[in-house]
Structures are given as structure tokens and as C-alpha cells.
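Inspection log for the structure reproduced underneath, given as C-alpha cells.
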Amino acid sequence: MLLMAWVLMAGLMSCGGHGHLEKAVRGILVSGDTTRAAYDSLCALVTDNPGKYGDLLTPEGTLDHKKMYDFIEQIGSQLRPPVHWDTRPYGGVENLSLTVYFERSGSMVPYDSRGGGGQLKKAVNDLINHFPAGSKVDINIVNDGIYPYQHTVDEFLKDRDIYQSTAGVGNASYTDFQLIFNKILEAQRPGNVSVLVSDLIYSPQDTHGVSLDKIFNEENSLATRVFAKYKGKSVVVQQFMGDYNGKYYPYNGVPFEYSGKRPFYLVIIADTDVMDQLASDKRYSGVLDTRAVSNSYRFNQGTATVDCRVLPEWKDNAGRFRVKHGDGIVLTKCDGDRQTGKLCFTLAANLGSLLKDDALLTNAANYDVSSIDGYTLAIQPIDQSMVTANNKEYLQGMTHVLTLTGDLKSPRDEVRISLRNELPAWVRQSSSTSDTSTGGSFATTTLGLEQLLGGMFDAMKGGNSFFDVTIQLQR
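If you use the working numbering, the sequence shown corresponds to residues 154 to 628, in order.
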């Protein structure tokens with residue numbers, strides 16, 4: 154099969170006069186302009202010349218995105234250093250649709266008071282505006298059920314008192330998360346992005362006399378059961394901080410007035426390939442990387458392939474080594490530092506596609522590093538001050554540098570780095586077991602958040618690690 158794939162690719166490269174297309178691909182990869190617009194220009198070149206590039210078209214005469222991906226990958230692998238451009242999301246649905254589910258419960262209304270900063274409404278407005286003009290957008294109000302918003306999207310965007318204008322919609326005394334999540338997941342169609350805007354406080358009906366422990370176990374099981382039913386879904390939970398000015402309704406206590414900051418959340422749900430498109434397609438860049446997000450986490454994320462390049466010269470390198478070109482990362486002729494005996498080498502990596510915040514990515518405690526000679530890891534984000542004429546080609550398109558240090562003793566070693574797939578610490582830190590007063594961490598926590606998101610994590614864990622990189626060392 155490998156031989157047949159090689160022969161097929163050789164045919165793609167050599168038959169039908171692909172020289173002009175190959176030159177265009179090389180130009181894009183070398184320039185680093187790996188955008189949707191650049192990909193569209195390549196697609197137009199193929200479809201405008203069906204006689205020349207017919208082997209990259211489907212029998213119906215449309216572009217075969219899989220063959221196009223293979224073609225670009227083959228050219229990129231021949232560059233030094235190799236360049237990987239994942240164009241697969243571009244072969245999905247061209248225009249994504251957005252469905253907003255806006256929670257209207259008693260404890261949500263104070264987020265949009267006239268005297269507050271309006272962070273909640275701005276987060277939702279920004280979400281809608283991050284979708285290109287012409288995208289299909291639907292808005293629903295949710296609490297005990299799901300109710301279509303009775304006005305236009307433009308009216309929603311301009312509404313300064315959204316809770317007043319939706320007064321009387323549904324029963325605001327409780328939120329039926331089981332019904333809401335099931336309905337959202339059932340209603341999704343290819344290319345749809347669904348977003349629940351909520352404080353994520355589980356408040357079902359008829360809880361009089363029910364202990365919090367029982368409620369927490371119930372919401373944990375509910376989340377696991379609901380999301381386990383729908384395979385192929387990916388979820389991103391974004392945490393925001395907003396001004397809260399009004400009455401708060403604790404689970405088991407007397408309602409009280411509160412004025413201050415409180416967390417709220419956007420739960421973004423889509424098919425995994427659609428979520429990948431949101432992450433890579435520049436047209437939707439503001440959806441997942443908005444600056445207003447305090448914390449975020451993507452569920453149902455398996456082990457990904459991360460682009461890495463060894464930096465032959467770097468300020469932290471110690472000892473000597475040579476980079477062997479070919480498959481995998483291999484360092485040959487390794488020699489320890491003359492004074493310390495240590496070997497220190499650095500990789501530039503593109504971790505942007507993982508959709509993890511720097512607090513997680515730059516904490517070495519979140520990684521597992523295995524080797525014979527006990528290598529340790531340090532990691533830091535790349536900023537412009539690091540880029541020089543000598544290392545620009547290695548840092549271009551990369552987000553972080555990973556530096557590994559060990560005592561070079563063994564004639565051969567294998568250093569393996571993996572970023573563990575765990576529920577992030579911010580979820581536990583943002584969760585509380587009591588909300589009866591404004592004391593303690595009330596301003597930064599959500600009742601039962603760990604139990605709700607923990608249930609989603611159990612249903613959609615994905616792989617044990619977000620990525621694995623192995624480096625072979627030879628003396």
C-alpha cells in the first residue's frame with residue numbers, strides 16, 4: 154500500500170504538467186502565507202485548468218480536497234526544513250452557521266444591568282460578529298426549555314436590556330441542562346456551531362431538601378450521559394468575568410443582593426472537524442481566541458501531531474550535536490558540554506492548534522518527559538525579540554520553544570515529551586461547594602463547576618496526551 158501511495162503521488166507530481174501549481178505551492182509554503190485565502194487561490198488554479206489538473210478533481214469536476222492535501226504535503230516534505238500545512242479543515246463546510254442559546258434565569262439577569270460594564274452582552278455580540286457577513290445566525294432563549302428569539306439578529310445586537318426585552322420567556326426559576334444539552338446536540342447539522350451562554354450553575358426543578366452532594370453527583374452523571382451519546386463532537390468552554398449587579402439566588406439559602414464580578418461561560422459545541430476549522434480558518438479567528446476570555450478548555454481532543462524543528466543554534470544550547478534529516482527527530486554525534494557533561498538542545502514547536510492557554514502550555518509540571526539520562530524540560534512562548542536573521546526560518550510559524558537538558562552518559566537515548574490530557578487546574582479553582590454568601594471566593598467561583606465539566610471530561614476525554622514528541626539521541 155505504501156508503494157502504491159508513493160507511485161500515485163509520483164504521478165501527481167510528474168504527470169499532467171503540475172509545474173506551475175507546484176511552484177505556487179512552494180511559494181506559499183516558503184512565504185508562510187498559509188491562510189484560507191492562499192488555499193483558495195490554489196484551488197482556483199486547479200479548477201480553472203481542469204485539463205491540466207484533472208487528477209486533482211473529483212469525477213464530478215469539483216476539487217478533491219484530500220488529493221490536494223496530499224499534493225501540498227508531498228511538496229512541503231521536500232523543503233528544508235519541511236513545512237506542514239494542514240488544509241484539511243478547508244475541505245469541510247464552506248460557510249459555518251451559528252446558533253446561540255442565551256440563558257435567561259434569575260441569576261443571569263444581573264449580568265446585563267444598565268449600570269454594569271456589559272461584558273456578558275459584549276461577549277455574545279462579539280461571537281456573532283466574528284462570523285462572516287452572510288452567515289446564518291439563529292438565537293434562542295433557554296431556561297426550562299428552548300424558545301426562539303422573537304426579533305432579528307440586528308435587534309439583538311443593539312438591545313441594551315436583553316433580559317427586559319425577553320421578560321416572560323420560559324420559566325426563569327430553573328434551568329434544565331439535560332433538556333438543553335440534548336436539544337442542542339440533536340439539532341446540530343453539518344457545519345453548525347452551537348453556543349450556550351450561561352453561568353453553568355446546575356439548578357433543576359424540585360430540589361427542596363436535596364443535599365448538594367446528591368445534586369453534584371446528579372449533574373456529573375448527567376453531563377457524562379448526555380455527551381457520551383453524541384460521538385464526534387468537540388466542546389470548548391470559555392470562562393469570562395462580568396459585572397454582576399442584582400439579586401443572587403443560592404442553591405440552599407436566602408437570596409441576597411450582590412454587586413461585583415462573577416464568572417460566566419460560553420460553551421461552544423460543534424463536530425470535531427468544524428471545531429478544527431474554527432481553530433485554523435482565519436475568517437473565524439476571533440471565536441476561539443478572543444482576548445476577553447479568562448480561561449478555556451477544549452474537550453474531546455485526541456493526540457495531535459505537532460510541528461517541531463530543532464534549533465541548531467540557540468542561547469540555551471550546550472554541548473554539540475548534528476540534526477539528521479529524514480523521518481522523525483534524530484540528533485547524531487552528540488557530545489556533552491566540556492565543563493558540565495550536559496547536553497542541552499532546543500525545539501521550536503507550534504502548539505497553537507492545541508487551543509490551550511499559556512498557563513497550561515508553559516508549566517513543565519503538565520508534561521511527562523522520559524529518557525535514560527533524566528532529561529528535564531523548560532518551555533516558553535516565542536516573542537518577536539527572540540527572532541533573528543539566523544533563526545527566523547526555524548521560528549516562523551512556531552509558538553513555543555522547548556529546551557531539554559540532561560547528563561549525556563548513554564551511547565543512545567530516546568527522549569519522549571508528552572503533554573498530559575487532564576482537566577485543567579482552573580476548573581477546580583473556579584468551582585465552589587457553597588454559594589450562600591458573598592464571602593471567600595464567591596466573586597471568582599461557580600457552584601459545582603468541577604462536577605459539571607468533570608462529567609463532560611469523562612464522556613469526551615480523547616487521548617491520554619495532547620501531543621507526543623520523540624527525539625532520538627546518538628553519540
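Beta carbons: idealized from backbone N, C-alpha and C, even for Gly.
In this text, all values refer to a predicted model and were calculated from it rather than measured experimentally.
- Item | DSSP bridge partner residues for residue 294 (one or two, in chain order) | Paired residues: 255, 300.
- Message: Using CA atoms only, rank isn't needed, just tell me which of 421, 508, 264 is closest to residue 313.
- Response: Of 421, 508, 264, the smallest CA-CA separation from residue 313 is found for 264.
- Task: Tell me whether residue 519 is buried or exposed, calling it buried when 16 or more other Cβ atoms sit within 10 Å of its Cβ.
- Result: By the 10 Å Cβ count, residue 519 comes out buried.
- Message: Given a cut-off of 8 Å on the beta-carbon distance, is the pair residue 587 and residue 599 in contact?
- Response: Contact flag unset, no.
- Query: Nearest-angstrom Cα distance between residue 476 and residue 544?
  - Reply: Looking at the two C-alpha atoms, the distance is approximately 15 Å.
- Query: In terms of residue numbering, what span does the beta strand (DSSP E) encompassing residue 624 cover?
  - Reply: Counting along the chain, the beta strand (DSSP E) containing residue 624 begins and ends at 618-627.
- Query: For residue 256, is the classification buried or exposed, using 16 other Cβ atoms within 10 angstroms of its Cβ as the cut-off for buried?
  - Reply: Taking all protein chains in view, the Cβ of residue 256 is crowded by 16 or more other Cβ atoms within 10 Å, so the residue is classified as buried.
- Task: Pull up the distance between the alpha-carbon of residue 274 and that of residue 615, whole angstroms please.
- Result: For residue 274 and residue 615, the gap between their C-alpha atoms comes out near 32 Å.
- Item | Residue nearest to residue 189 in terms of C-alpha spacing, selected from 495, 435, 621 | If we check each option's Cα against that of residue 189, 435 comes out closest.
- Message: Rounded to the nearest angstrom, what separates residue 158 and residue 220 at their Cα positions?
- Response: Low confidence applies to residue 158: its pLDDT is 39, below 50, so where it sits in the model is not reliable, and the reading given next is rough at best. Residue 158 and residue 220 have their C-alpha atoms some 11 Å from each other.
- Whole alpha helix (DSSP H) runs in the segment 186-266 with 4 or more residues, listed along the chain? Counting only runs of 4 or more, we get 189-200, 218-231.
- Message: So, at 6 Å on beta carbons, what are the nonlocal neighbours of residue 160 in its own chain, with the 5 sequence-adjacent residues on each side left out?
- Response: At residue 160, the pLDDT of 39 sits below 50, so the modelled position is not reliable; the number obtained from the coordinates is stated separately. Within its own chain, no residue has a Cβ closer than 6 Å to the Cβ of residue 160 once the five positions on either side in sequence are excluded.
- Item | Where the beta strand (DSSP E) containing residue 477 begins and where it ends | 473-477 is the span of the beta strand (DSSP E), which, as asked, contains residue 477.
- Establish whether the CB of residue 410 and some CB of chain B are separated by less than 8 Å. Among the chains of the structure shown, chain B does not appear; only one protein chain is present.
- Query: Which residues in the same chain have their Cβ closer than 7 Å to the Cβ of residue 268, if we skip the five residues on either side of it in sequence?
  - Reply: Hits under 7 Å: 398.
- Query: When we look at the beta-carbon of residue 286 and count the other beta-carbons within 10 Å, is it buried (16 or more) or exposed?
  - Reply: By the beta-carbon neighbour count (other beta carbons within 10 angstroms, threshold 16), residue 286 is exposed.
- Find the nearest neighbour of residue 471 within the set 497, 480, 569, 455, judged by alpha-carbon distance. It is 497.
- Query: Excluding the five sequence neighbours on either side, which residues of its own chain have a C-beta within less than 6 Å of the C-beta of residue 483, listed in chain order?
  - Reply: Only 477, 625 meet the Cβ criterion.
- Is it true that the segment 366-382 meets the segment 298-309, where meeting means three or more beta-carbon pairs spaced less than 8 Å apart? Between the segment 366-382 and the segment 298-309, the count of C-beta pairs closer than 8 Å stays below three; the two stretches do not touch.
- Who are the near neighbours of residue 318 in its chain, counting only those whose CB is closer than 7 Å to its CB and skipping five residues on each side? For residue 318, the CB contacts under 7 Å within the same chain, skipping 5 residues up- and downstream, are 312 in chain order.
- Item | Top-ranked residue by Cα proximity to residue 554, from 302, 358, 466 | Among 302, 358, 466, the Cα nearest to that of residue 554 belongs to 466.
- Query: Are the Cβ atoms of residue 346 and residue 299 separated by less than 8 Å?
  - Reply: In this structure, residue 299 does not lie closer than 8 Å to residue 346 by Cβ.
- Own chain, CB closer than 6 Å to residue 168, minus 5 neighbours either side, in chain order: Because residue 168 carries a pLDDT of 36, less than 50, the predicted location of this residue cannot be relied on, and no value is offered for it.
- Would you list the one or two residues that DSSP bridges to residue 410? According to DSSP, residue 410 bridges with 400.
- Query: Under a Cβ-count criterion, where at least 16 other Cβ atoms within 10 Å of its own Cβ denotes burial, should residue 97 be classed as buried or exposed?
  - Reply: Lying outside 154 to 628, the shown extent of the chain, residue 97 is not represented and no answer is given.
- Message: Among 384, 560, 355, whose alpha-carbon lies nearest the alpha-carbon of residue 370?
- Response: Selection 384, 560, 355 evaluated against residue 370 yields 355 as nearest (Cα-Cα).
- Task: Measure the C-alpha to C-alpha separation of residue 456 and residue 239 and round it to an integer number of angstroms.
- Result: Roughly 15 Å separates the two Cα atoms.
- Task: With DSSP as the reference, label residue 394 as helix, strand or coil.
- Result: Of the three classes helix, strand and coil, the one that applies to residue 394 here is strand, per DSSP.
- Is the segment 353-367 close to the segment 328-343, with three or more CB pairs under 8 Å? Yes, since at least three Cβ pairs between the segment 353-367 and the segment 328-343 fall closer than 8 Å, the two stretches touch.
- Query: Is residue 272 near residue 362, with beta carbons less than 8 Å apart?
  - Reply: Cβ distance not < 8 Å, so residue 272 and residue 362 don't count as in contact.
- Cβ neighbour criterion (16 or more within 10 Å) applied to residue 301: Residue 301 is classed as exposed because its beta carbon has fewer than 16 other beta carbons within 10 Å across all chains shown.
- Message: Please classify residue 172 as buried or exposed, where buried requires at least 16 neighbouring CB atoms within 10 angstroms.
- Response: Taking a 10 Å sphere around the C-beta of residue 172, we find fewer than 16 other C-beta atoms and assign the residue as exposed.
- Task: Reducing DSSP to helix, strand and coil, say where residue 553 ends up.
- Result: In the three-state reduction of the DSSP assignment, residue 553 falls in the strand class.
- Tell me whether residue 516 sits in a helix, a strand or coil according to DSSP, three-state version. In the three-state scheme derived from DSSP, where H, G and I count as helix and E and B as strand, residue 516 is classed as coil.
- Message: Could you compute how far the alpha carbon of residue 522 sits from the alpha carbon of residue 621?
- Response: Residue 522 and residue 621 have their C-alpha atoms roughly 10 Å apart.
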